[in-house]
Structures are given as C-alpha cells and as structure tokens.
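Chains A and B, in that order, give the protein sequences.
Letter by letter, the first sequence follows residues 1 to 351 of the UniProt record's numbering.
Letter by letter, the second sequence follows residues 1 to 351 of the UniProt record's numbering.
Each residue gets a CB set at the ideal place from its N, CA and C atoms; glycine is no exception.
Number of protein chains: 2
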Amino acid sequence: MRKKYTIKDIAELAGVSKGTVDRVIHKRGKVSEKAFVDVTRILEEIDYKPNLIARNLKNNKVYSICVLIPDYHLDDYWLSCKEGIQSVKQEFSAFDIEINTLLYHSKDVNSFLQKSNEVLNLKPDAVLMVPSFQKESETIINLLASQDIVVSIFNNNIPNNKIFNFVGQDLIKSGRIAAKLFDLILGNGKVAILYIGANFKNATYFHEKDQGFKEYIQQTETALSSVTKTFSSENLEIELIDFLNQHPDIKGIFVTNSKTYMVAELIKKHKLKDLKLIGYDLLEENITYLKNNTIQFLIHQNAKHQIHLGLTNLIEHFMFGKKTPKRNLLPINIINSENLSSYTQKETIYE
Amino acid sequence: MRKKYTIKDIAELAGVSKGTVDRVIHKRGKVSEKAFVDVTRILEEIDYKPNLIARNLKNNKVYSICVLIPDYHLDDYWLSCKEGIQSVKQEFSAFDIEINTLLYHSKDVNSFLQKSNEVLNLKPDAVLMVPSFQKESETIINLLASQDIVVSIFNNNIPNNKIFNFVGQDLIKSGRIAAKLFDLILGNGKVAILYIGANFKNATYFHEKDQGFKEYIQQTETALSSVTKTFSSENLEIELIDFLNQHPDIKGIFVTNSKTYMVAELIKKHKLKDLKLIGYDLLEENITYLKNNTIQFLIHQNAKHQIHLGLTNLIEHFMFGKKTPKRNLLPINIINSENLSSYTQKETIYE
DNA sequence: TTGTATGCGTTATCAC
DNA sequence: GTGATAACGCATACAA
C-alpha cells in the first residue's frame, strides 16, 4: 500500500525542519541552495501531494459567492436556476459558503448595471453571472477582476480572458441538432426558424442556432430548406398566422428559445395538425405540449445543471484547490415525451 | 454574516467542556441529564453543523474500494468504465483512496464467483459491482455485508435491502423511448425488437426494454406494431436475413443492446436502405454507423457516468459523510449524429 | 460524570 | 536561513 507522505516525512528525509519544507513548497524564499535542492528532489521523488483537508482546516473563512442572473420571476427559463442554487447550498451545507443571489431584469441594461454595482459593493470572493449585455458585462468583469474577485459566467459566452470558467452549450451544434431531427421526422420540406421576444439583436443565441441549422442544410444531402423570422411576443398570433399563410410550404417550426409553448398554443388553437414543432427547455408549459404531441422534441439547455456546475467549480476551486477547465460545454439533450421524466425526476430518494 | 459555531463555542454557551459536547453529539452517554438537555438545546438553536474537514483530518486511513465488473477487453460496452474509474481516481487524487478493479467474464458464472472471492479476500471498505448473475450476486452481497463491507451496484438492479446505492436507468422507460422515436420517424409499420448474444434469459435488461416498447404501443394511439426475436451473435447474418424475408412488413429494428452495429453492418451489406435502426451505446462501431445514417438513434446508457457516480457516492459517503440516495436513476440520453459530439468530447480544456 | 491533553497535516509566527 | 511551536476543529484517551 502506497504510503502517504506528509511534510513531516519530507523534513526528516531531507534532514531539515518542516518550516523549511514549507518554504520550499510555497516558494517563500529564505532557503539555502542546498536545502532547496534536497527538498525539491525528494518532493519529486515521492510525488508529494499536500493534504487539502488539513490545508483548509486552518482557513476558517466564509467564502462568499454572488450569483448575478436574470430575474426568474419574469421569465420561467431562469426558474430552474433557483433550484440549482438551492441544491448547491444543500450539497455544501457542511462548508462555509455564502451565496447571494441578485436578479436583474434581463431586458433592462440599467437594472443589470445597478445589480452589478451591488455585487461590487458586496465584495464577494467570486461572482457567477449571466452576461446578458455583452459590452456592459465586459466592463463589470474587468472591474471585478481588478479587485481580485474571481468571475465565472454561464449560459452564453463572451470573449474575455479574465473569466475563470464558462459553462454552457455549443449553440451552433444545438441548431444542427434541431435540423437533424426535422430531417428525420419530415424527410423534406421547409422549416421556419423563429425568434420570439424583444430585441433579437442582443440574443446572440438566436443567431448561432440559426447558423447551425443552416449549416446542416448546406453540409448534408438533406431535402430540407429553411426560412428565418423574428416575432415579438405581443403580436405573435396575428403575425405568425399571417406568416404561415404566406408560406404554405412550411412543414416544421423551430423555435429557438423557451417560448416554444406560445407556438404550440397557436398550433392547437388553429388546428395546424401537420406542423411539426421543435423548441427549447423544459418549462411547465412546454412539457404539457410535449406530452400531448404538439411539440415533437425539446432541446434541453439545462440551466439548472449549468448554474450548478458553475457554482461547484468555484467552490471546489476555493475549498479544495481543484483544477477547473476554462470551458465546460455540456451535452445537448434531446427530449421527447418518453425520456422527459428521466430528466425531471428528483434523484434524491433516500428512503 | 452567519457566524460559524464550533464545539468550543457550544461548550462555552452551555457552560460545559468540549468533551461533554462531544459526548452529547455522538450519543456516547455518560452525560448528566442537565448537561445533555442544555447542550442539545443549544445545538438545535444554532443549527450546529460539524466541520467535516476537521473530522476527517484525524482519519488518516486509506479507504479501499473494489470495483467488480465484466472484463472490458471482452465486450466494448464496458470499456467506458475504465475511463470512469480513471477520472474518479484523478478527481480524488488528493485523498487517500485506493481503487482495485477486478474483471470477470460476463458470461461465465465461475469467473464471477472466483473474482468475488478475491474481493472478499481483499477486505475492502466498499465494493461497487455489476450484479450480472442475480442469484450468485445476492449471495456475494450478503457475504460482503456480513463483513461490514459497504456494497453498491450499478448497470442493473437486483432486489436486496443490504445494497447501499444503485446507479442505473429505468429500462422500461428506455424501451418506451425507442418506441416513441420509431413512432415519430416511421408513423406506422412493424418494428423488430431484437436481442443479440448468448443466454438471453440472464439479460433482464432485454425483457424490460421489450416490455417498455410494447407498453408504449398498447398505451398510445400509435400505428406501430412489434415482433420480438432473439439471435446469437454467431449466426446473425443468416438468421436475421431469413427472419426479415419472413417478415417483409418490418420497417424498423430496435436492437436492445450495444451490438447494434452488427445489424447496421448487415443493413449496409444487404442494402436494406429503408430499414430504420435504433440501438444502444456509443461504441466506436455504433458511432460510425450513426454518422453515416445507418443508425438513426442511439440510446446512451452512459456506463462511464454510472460507474463514476457509483464511486463518487461511496467516496463522498466515507470522506464527508454525505447522504446518498438508495437509487440514482440517470437520464436516458437520445443521441443522433449531431448531438453525439456534445456527449463524447472531453470536458477538460484547461488551456 | 466531567474536563484536559494530545494529535491529525498544514501554515504562520517568532525566536534564534 | 532555520527550526521550533501554536493554531485550525474535531475526536479520543486519560486523568480527575
């Protein structure tokens, strides 16, 4: 059985004191050349791994993390983040972690800036945020980084080398997946790629999914074609029905966000039975339409998993010095009415 | 900021010594009624959570875990378990965990019994095993449990209340998912449900998937029908082609295990273009046929994730006293050629 | 029945 | 430069 070496062992082997070993390990200087060489050699020989538990014992600081995300009271998509935060809190309840959640209005830059400022004032050890507004996010991230606050982001990526970790999905792939699914269930025909909501210019996800979908059409021998269109939520019914009348060859609709249920509703209402529908996210309303076969597939972006992993990465970095990848690209889950429950069920049956 | 209470704090608050508090917490007895009441009250008041890090510091034992699984040199399905074990070893490299892997021949009871005996001789703290042979597994589990060895299982479940934790998938759901996918891509027609391999009686997974598939047909308004058939790997070509000739109305094939590529091979060879194929697991060979559209969908059982979670559960139980559910039912992933890479890519881009 | 002393491995302080 | 030593929070052996 592999013996576990401690600093004490190394000190004895090198014929020096624990203090000297510590100075070598942490490169604190004030060590004679000979001692440095001897200790370094032994460290390598035995492949010394510090005991992280003991290391953290001393560190009786309460780590504070701020979560800065869109208000989940205003958009159900973010609701699962609440659960994600909750489950992390539970998981690490035995440790000294403090998580503050700040919610901003995802369509309102001022709200974002205001909450960002609150985060700055809280002076946390780390921040996990959704960078909804690219330019403003960059400013905030730089500001936080300049105060030695570790910053991670999730959901959508923005280029910034100060970011500790990004968790999300490859959205171009996501669009390709939708195309492939239509390819399988339709065989041929036109698919409408829709954005529903305000201000689609800020929704980079929409452009990437759109791009992925078209990429698939171009790169494979599919008989599919596509048409891209944006709608506001308010006038969706009139505008969409009008649009469909103008394009009677549309056989499928790909909704690029969680508002899929809004289209499903109209399909039901206007009895557009032959329209196939694929969209995003396991909101209650979407699930209803998935179960009654109005929606054929939902692509699961798993915001809960994303925030959970983002937080876990930060915590394990602080608590255990665990290495964290720059990017975590999560699997893109294809959900239909049958495997749905395997994703939504609670794992925790303690009996 | 929430203050963090230690045993020392509680001792002071209760006007007793740390030793007394310790005795109350661990119910060791030898405490006066008054002290017991006082300390208990304070513990509840402040919602005391012991510092698990400090608790384990003392415990300089090397935890040993035995992994008992089918030989992955003989069946590629189990190959990903190797990676799973490797990644757990890396993840916990800073801790004192010793993992021994023992491989048995999955079709040979004697090999299983022999390796089980080796496990017993190793006297580990815990065992994570695949209970391939139900009766023999039960005997072994009881034997291990009687020696206070914690036993977890994964892949397939067997009823035994001594089992610490089971990780796997709901296989009836799994069969339903396959049916739903055929329903979407075929609309109607007959699907052959196949088992390929030796000794299908021991393959409980086959019966559950078969059952799930039929359940879907009965419970929904689908126009699908099914026919169930078992083949040996050896004579598959002759037997399957013969079978298909006898059933010219078969439009889809559902292979209930990872041998899906064997059917794909025949579809290619015999140019059975119109046959839709759905099967299991991301073996190299299956992936090839998924990418060239011979296989429409693969259902991902994720043995790597299963063994990873099984091991993590055990380790975190020992190291941190973390609560573990009796069962972890993992999501059932639907894989097509486009979302495949999001599952297979390595997450660890440290840059 | 209770309190005190010691040790786990690491780190920080301080005297030499 | 170096080596003792105390401290982190908990568990426990032992003294009272």
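Under 7 angstroms by beta carbon: chain A residues contacting Tyr343(B): For Tyr343(B), the C-beta contacts it makes with chain A under 7 angstroms involve Pro331, in order along the chain.
For Gln345(B), the three-state DSSP class (helix, strand or coil): Residue state, collapsed to three classes: coil.
The segment 123 to 130 of chain B / the segment 58 to 77 of chain B touching (three or more Cβ pairs under 8 angstroms): Verdict: yes, contact present.
Beta-carbon proximity list for Lys214(A), same chain, < 7 angstroms, skipping 5 on both sides: Residues Ser226 of the same chain have their beta carbon placed closer than 7 angstroms to that of Lys214(A), with the five preceding and five following residues left out of the count.
Alpha-carbon spacing of Gly19(A) relative to Thr324(A), whole angstroms: Roughly 30 angstroms between the two C-alpha positions.
Presumed contact (8 angstroms Cβ cut-off) between residue 355(A) and Ile253(A), rounded CB distance: Since the first residue shown for chain A is 1 and the last is 351, residue 355(A) is missing from the structure and cannot be characterised.
Own chain residues within Cβ distance below 7 angstroms of Lys8(B), not counting five before or after: Sequence-distant partners of Lys8(B) (beyond 5 residues in either direction) whose C-beta falls short of 7 angstroms from its own C-beta, in its chain, are Lys18.
Contact set between Arg176(A) and chain B, taken where Cβ atoms lie within less than 8 angstroms: Ordered by position in chain B, the residues that pass the 8 angstroms Cβ test against Arg176(A) are Glu338.
Rounded separation between Ser111(B) and Phe164(B) - CA only: Distance between the alpha carbons of Ser111(B) and Phe164(B): 24 angstroms.
Beta bridge counterpart(s) of Leu122(A) as assigned by DSSP: Per DSSP, none; premise fails for Leu122(A).
Neighbour flag for Asp210(B) against chain A, beta carbons, 8 angstroms: So, not an interface residue.
contact_flag[the segment 86 to 99 of chain B, the segment 31 to 46 of chain B] where n(CB pairs < 8 angstroms) is 3 or more: Fewer than three beta-carbon pairs drawn from the segment 86 to 99 of chain B and the segment 31 to 46 of chain B are found closer than 8 angstroms, and the two stretches are therefore not classed as touching.
Buried/exposed call for Gln134(A), threshold 16 Cβ in 10 Å: Gln134(A) is exposed by the Cβ-count criterion.
Alpha-carbon spacing of Ile278(A) relative to Ala178(A), whole angstroms: A direct Cα-to-Cα measurement between Ile278(A) and Ala178(A) gives close to 7 angstroms.
Meets three-Cβ-pair contact criterion under 8 angstroms: the segment 191 to 203 of chain A and the segment 220 to 238 of chain A: A contact exists between the segment 191 to 203 of chain A and the segment 220 to 238 of chain A.
Rounded separation between Glu12(B) and Thr6(B) - CA only: Each residue's Cα considered, the two are about 10 angstroms apart.
Proximity of Tyr280(A) and Val263(A) at Cβ, strictly below 8 angstroms: Not closer than 8 angstroms, so no.
Local Cβ density within 10 Å of Ala303(B), reported as buried at 16 or more and exposed below that: Around the CB of Ala303(B), 16 or more other CB atoms lie within 10 Å, so the residue is classed as buried.
DSSP three-state assignment for Arg28(B), whether helix, strand or coil: Of the three classes helix, strand and coil, the one that applies to Arg28(B) here is coil, per DSSP.
Extent of the continuous beta strand (DSSP E) to which Ser64(A) belongs: For Ser64(A), the uninterrupted beta strand (DSSP E) run begins and ends at Tyr63 to Pro70, by DSSP.
Neighbouring residues, chain A, relative to Phe254(B) (Cβ below 7 angstroms): Going along chain A, no residue has its Cβ under 7 angstroms from Phe254(B), so there is no contact; the nearest lies around 13 angstroms.
Interface partners of Phe320(A) on chain B, CB under 8 angstroms: In chain order: Ala94.
Proximity of Asp210(A) and Gly175(A) at Cβ, strictly below 8 angstroms: Closer than 8 angstroms, so yes.
Within-8 angstroms CB hit, Gln301(A) to chain B: No, its Cβ sits nowhere closer than 8 angstroms to a Cβ of chain B.
Per-residue DSSP class, three states only, for His305(A): Reduced to three states, the DSSP call for His305(A) is helix.
Whole-number beta carbon distance between Lys173(B) and Ser341(A), since they are thought to touch under 8 angstroms: So it is a contact: roughly 7 angstroms between Cβ atoms.
Burial state of Ser152(B), where buried means 16 or more other Cβ atoms lie within 10 Å: Under this definition Ser152(B) is a buried residue.
Simplified DSSP state of Lys273(A), which is helix, strand or coil: The answer is coil: DSSP assigns Lys273(A) none of H, G, I, E or B.
Nearest-angstrom Cβ-Cβ length linking Asn328(B) and Leu309(B), presumed shorter than 8 angstroms: With a Cβ gap of about 6 angstroms, Asn328(B) and Leu309(B) count as contacting.
Beta carbon proximity, Gln86(B) to chain A, threshold 8 angstroms: Put simply, the CB of Gln86(B) is far from chain A, with every gap to its CB atoms at 8 angstroms or more.
When Pro331(B), Val31(B), Tyr63(B) and Ile46(B) are compared against Lys123(B), the one with the closest alpha-carbon: Looking at the Cα atoms, Tyr63(B) is the closest of the given residues.
Residue(s) in a DSSP beta bridge with Ala192(B): The partner list for Ala192(B) (beta bridge, DSSP) reads Val227(B) and Ile253(B).
Per-residue DSSP class, three states only, for Thr220(A): Correct three-state label for Thr220(A): coil.
Local conformation of Lys152(B) per DSSP, three classes: Contrary to the premise, residue 152(B) reads as Ser rather than Lys in this sequence. Note: Ser152(B) maps to strand in three-state DSSP.
Contact set between Asp170(A) and chain B, taken where Cβ atoms lie within less than 7 angstroms: Result: Ser342.
Closest residue to Lys259(A) among Ile25(A), Glu45(A), Gly189(A) and Tyr77(A) (Cα-Cα distance): Proximity to Lys259(A) across Ile25(A), Glu45(A), Gly189(A) and Tyr77(A) peaks at Tyr77(A), based on C-alpha coordinates.
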